[in-house]
Every structure is written in C-alpha cells, then in structure tokens.
Amino acid sequence: MTATATATAQALVRIPSINPQYDPASRGEGEVSAWIEGWAARHGIELRVDDALPNRRNLVLTVRNGPPRPHFLFAGHMDTVAVAGMEIAPFGGEITRGRLFGRGSADMKGPLAAMLHALLRLRDRRSHWQGTVSVACVVDEEYLARGIKALMAREDRHFDYAVVGEPTGMSVVNGCKGCLRFTFSAEGAAAHSSTPALGRNAIVAMSEAILALNRFFETDLGATQRLAFGSSTGSIGLISGGTGVNIVAGSCRASVDIRLIPGQSWEKVYAAVQACVRSAASVVAGVTWNFEADPFTDPSFETAADHALVQTALAVTKEKKVRVVAFCCDASKIAAAGVPCIVLGPGDIAEAHTSAESIGIDEIEMAVERYAELAEQLLAPKNPMEFRDDRPRTHPN
Numbered sequence: 016m017t018a019t020a021t022a023t024a025q026a027l028v029r030i031p032s033i034n035p036q037y038d039p040a041s042r043g044e045g046e047v048s049a050w051i052e053g054w055a056a057r058h059g060i061e062l063r064v065d066d067a068l069p070n071r072r073n074l075v076l077t078v079r080n081g082p083p084r085p086h087f088l089f090a091g092h093m094d095t096v097a098v099a100g101m102e103i104a105p106f107g108g109e110i111t112r113g114r115l116f117g118r119g120s121a122d123m124k125g126p127l128a129a130m131l132h133a134l135l136r137l138r139d140r141r142s143h144w145q146g147t148v149s150v151a152c153v154v155d156e157e158y159l160a161r162g163i164k165a166l167m168a169r170e171d172r173h174f175d176y177a178v179v180g181e182p183t184g185m186s187v188v189n190g191c192k193g194c195l196r197f198t199f200s201a202e203g204a205a206a207h208s209s210t211p212a213l214g215r216n217a218i219v220a221m222s223e224a225i226l227a228l229n230r231f232f233e234t235d236l237g238a239t240q241r242l243a244f245g246s247s248t249g250s251i252g253l254i255s256g257g258t259g260v261n262i263v264a265g266s267c268r269a270s271v272d273i274r275l276i277p278g279q280s281w282e283k284v285y286a287a288v289q290a291c292v293r294s295a296a297s298v299v300a301g302v303t304w305n306f307e308a309d310p311f312t313d314p315s316f317e318t319a320a321d322h323a324l325v326q327t328a329l330a331v332t333k334e335k336k337v338r339v340v341a342f343c344c345d346a347s348k349i350a351a352a353g354v355p356c357i358v359l360g361p362g363d364i365a366e367a368h369t370s371a372e373s374i375g376i377d378e379i380e381m382a383v384e385r386y387a388e389l390a391e392q393l394l395a396p397k398n399p400m401e402f403r404d405d406r407p408r409t410h411p412n
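Under the working numbering, think of the first position of the sequence shown as 16, with each following residue one higher.
Right, dumping it as structure tokens:
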C-alpha cells in the first residue's frame with residue numbers, strides 16, 4: 016500500500032534541513048535530498064539531480080505522458096529556518112489533534128509532500144492528461160533563493176505552468192510583493208565623551224536619517240500603490256553603533272527592508288532613499304554615508320487574474336477570487352523567467368517559522384487531490400496546445 020502524503024511529510028519533518036545561513040553547523044538539505052532520491056527510486060519516478068550550490072542539490076522528479084509539452088511544474092523548497100526557541104521538539108514530527116508538528120511542517124515540507132503524492136497520482140492516471148509534470152525540490156529558499164534561480168537558469172528549462180507550494184490555506188495567490196533589503200552606515204569621528212565637540216557623532220546623524228526615512232516610508236512609499244497590493248512599505252529593522260558610553264560614536268549602522276509592488280523599480284527607490292538620508296543628515300557636519308553597492312533584491316510578480324492557470328485553480332479549489340501576499344517566495348523568480356505562476360499550498364503562513372509550527376493533516380491530503388486535479392485540467396488531452404496562447408499573460412516586475 017502506498018504511504019500517505021502525511022506519512023511522507025512526517026518523514027521529511029523528522030530530517031533536519033536548516034539552511035546553513037542560520038546554523039553554520041547544519042548540513043543543509045543533504046539528508047532530505049537523499050531521502051527524496053530514495054523515494055523517487057522506490058516509486059520508479061524519473062529523477063534529475065543538479066548541483067545548485069556546493070554540496071547542495073536541486074532535485075527534479077518527472078512523469079511524462081505523450082508529447083513533452085505542456086510542462087507543468089510544482090515547486091517546493093527543502094530548507095527550513097532555525098529552531099532556536101521552539102516550544103516543541105523541532106524534528107519530532109508528532110501528530111496530535113489532527114496536526115503534524117515540527118520545523119518545516121507548514122513551510123514547506125507538508126506542501127512538498129502533497130506535491131510528491133500528486134505526482135504519483137498523475138503517474139497512475141495518464142488517461143486524464145498529456146504532457147509532462149515535474150516536482151522541483153530546491154535548496155536555499157529561506158536565504159537567497161539560489162536553488163530556484165539555478166533551476167530557472169538551465170538552458171533546457173521549458174515550463175508552461177508553475178505552482179509554488181507555500182502555505183496559503185489552498186487559496187489562490189497570483190502575486191506577491193518584491194523586496195529591497197540593505198544596510199547603510201554613518202561614519203563620523205570618535206572622541207572622548209567629555210569633549211563631544213571634537214567628534215562627529217554618527218548615532219546622532221543616524222537618528223536624523225531614521226526619522227527622515229520613516230517619513231519617506233509614510234509619504235513617498237505610501238503613495239505608491241497598485242490595486243490588490245496596496246502600497247509599497249518600508250521598515251528599519253536593525254541598528255547598531257558606538258563602542259562605549261564614554262566615547263562619541265564614530266560609526267552607526269542600520270538595516271532596512273522595503274517591500275515593492277509590481278512596476279516599481281528598486282533602483283529608483285534605492286536612489287531616493289540615499290538622497291533622503293543625505294539630505295536629512297546634513298545637519299551633522301563631517302559625517303559620510305556608505306550604502307551597499309549590491310543590496311539584496313527580490314522581484315515582485317503578478318499573474319493576470321484571467322490567465323488559464325489562475326482561473327482553473329479557482330475552479331479546482333472552489334475559491335471565488337484570487338489574492339496577493341506581502342511575503343517573498345520562489346514564485347517571483349519563476350515568473351521573472353516568463354513562466355505563468357501561482358502560489359498555492361496547504362497550511363497557514365502564520366504557522367511558518369513559529370515556535371510550535373504545525374499543519375493540518377487533512378489539509379495535506381486534500382492538497383494532493385487539488386494539485387492532481389489542477390494538472391489534469393490544464394493538461395487535458397482535448398486541449399494540449401492551448402498553453403501557447405497563455406504564456407504572455409504573466410507580468411514579472
């Protein structure tokens with residue numbers, strides 16, 4: 016008897032796969048990758064292994080049926096965030112009160128397990144569809160998304176529809192905000208605190224910059240809006256400066272996170288931020304400002320609400336309308352490569368990264384059915400070539 020998706024999710028949760036960025040002692044996704052490779056072999060599923068990063072591999076599991084296209088991609092990530100401060104056994108995989116508990120249960124080993132089992136169902140129901148279906152299990156989503164970027168950079172990559180399985184409660188998400196994240200510093204001059212006039216206080220300069228930036232977030236960014244997405248937003252999340260209470264601070268650093276909406280240029284926003292800081296902080300003479308030359312950026316995306324992928328997903332899930340989300344995920348990188356994409360997965364994003372992360376087991380099993388049905392409808396034999404007319408209807412940032 017084939018194991019359930021819940022059993023697969025439980026097995027995956029019990030294997031640590033913390034992104035090494037958050038735990039240098041972690042072996043990353045390696046053990047989860049090995050488990051999935053074994054799972055594919057046991058079920059006779061075609062498998063391709065790609066080295067996305069040193070000792071960190073993407074996996075692509077594929078079922079083919081007739082013509083190579085349309086090619087439907089399910090995508091999920093194998094890494095998790097850290098486990099410090101968790102109230103439950105992070106890798107216990109306990110099932111209690113109808114819920115699977117553990118790090119990654121919702122984000123996103125539960126959704127990934129559902130995708131794997133949907134692939135099995137499609138393998139056994141080839142009379143219902145034609146084309147190719149793949150499940151990509153990628154690395155590094157929780158840090159720099161280098162896994163999905165490596166997958167989309169392959170020259171032989173030809174996908175026509177894509178679903179990313181982040182937890183959305185099986186609501187259809189057709190867009191997400193992008194991100195601009197950077198650290199900048201004020202460099203002044205240290206002096207003895209008994210003679211502060213001899214120094215140039217970087218903390219004071221930074222305080223002026225922070226107040227100005229907050230006004231910039233409320234006005235300029237707040238006025239930049241797009242239907243469904245709301246406004247662009249900004250937040251100052253970290254600040255550090257000085258070396259001692261009796262020393263005028265010679266340096267101060269702050270880190271900023273800005274969420275972008277489709278059509279908004281991160282380069283223009285970054286330039287406006289720098290101009291705002293330098294103008295506001297000019298009241299403290301002799302302080303220089305340094306901004307990262309290569310800030311972290313993540314694109315936004317929006318797939319048209321009338322796209323066949325979106326409309327079919329709504330019909331399958333019995334949802335009445337789509338929604339967009341503020342969080343970033345691998346979907347934006349897929350959309351940026353020109354592939355129509357949605358985010359759709361079991362579980363609640365509010366559970367992700369929490370101290371008692373969990374997902375409903377009934378949600379996982381229902382997702383198997385919904386995923387398989389979505390692929391069958393889009394790849395139905397009666398209209399295998401219609402995908403050609405759909406491809407231009409994605410609008411990456």
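All C-beta atoms in this analysis are idealised placements derived from N, C-alpha and C, irrespective of residue type, glycine included.
Pairing Phe244 with Pro182, the inter-Cα distance amounts to about 19 Å.
Membership of Glu391 in the alpha helix (DSSP H) is indicated by the continuous run Ile376 to Leu393.
Ranked by Cα distance from Phe311, the options Asp272, His143 and Gly259 are led by Asp272. According to the DSSP secondary-structure assignment, Leu253 is paired through a beta bridge with Ser270. For the pair Ala104 and Leu27, the CB atoms are not nearer than the 8 Å cut-off. In the three-state reduction of the DSSP assignment, Leu76 falls in the strand class, which pools E and B.
With distances taken between CA atoms, Lys164 lies nearest to Asp66 out of Ser297, Leu393, His368 and Asp66. Annotation for Ile33: Ser41, Thr95 and Ala97 place their beta carbon closer than 6 Å to its own, counting only its chain and skipping 5 residues before and after. If you draw a 10 Å sphere on the C-beta of Glu282, you find fewer than 16 other C-beta atoms in it, and that means exposed.
Contact between Gly162 and Asn73 is confirmed by a C-beta separation of about 5 Å, below the 8 Å threshold. In this structure, Gly362 sits near Ala121, with a CB-CB distance shorter than 8 Å. The C-beta of Thr332 has 16 or more other C-beta atoms within 10 Å across all chains shown, which makes the residue buried. Of Thr198, Phe89, Ser370 and Pro211, the smallest CA-CA separation from Glu307 is found for Thr198.
Annotated three-state conformation of Asn189 is strand, per DSSP. The continuous stretches of beta strand (DSSP E) do not include His58, and DSSP gives it neither H nor E. Looking at the DSSP output, Ala177 bridges to Leu88 and Cys356.
In this structure, the beta-carbon distance from Pro82 to Gly146 falls below 8 Å. Under the three-state reduction of DSSP output, Gln279 falls in the coil class, being neither helix nor strand.
DSSP, read as helix, strand or coil, puts Glu44 in coil. By the CB criterion at 8 Å, Val179 and Ala328 fall outside the cutoff.
Between Ala395 and Val148, the CB-CB gap reaches or exceeds 8 Å. Taking Gly117 as reference, the option from Ala212, Val64, Ala24 and Ile218 with the minimal CA-CA separation is Ala24.
Going by DSSP, Ala26 is part of the alpha helix (DSSP H) stretching over Ala20 to Val28. Counting every other CB atom within 10 Å of its CB across the protein chains shown gives Thr303 a total below 16, marking it as exposed.
For Ile254, same chain residues with a beta-carbon under 6 Å away, outside a window of 5 residues either side, are Ala269 in chain order.
Nearest Cα to Arg241 within the set Ile225, Ile276 and Ser266: Ile276. Scanning Gly256, Arg71 and Leu228 for the CA closest to the CA of Thr248 turns up Leu228. Among the bridge pairs identified by DSSP, Asn216 is matched with none. Judged by DSSP secondary structure, Thr327 falls within the alpha helix (DSSP H) whose first and last residues are Ala323 to Thr332.
Under the three-state reduction of DSSP output, Gln289 falls in the helix class.
When DSSP states are grouped into helix, strand and coil, Gly53 belongs to the helix group. Beta-bridge partners of Asn305 (DSSP): Ser200. Under the three-state reduction of DSSP, Leu242 is assigned to coil, being neither helix nor strand. For a cut-off of 8 Å, the C-beta gap from Met167 to Lys348 is around 6 Å, short enough to register as a contact. In the three-state scheme derived from DSSP, where H, G and I count as helix and E and B as strand, Thr258 is classed as coil. Here the alpha carbon of Glu334 sits roughly 40 Å from the alpha carbon of Asp309.
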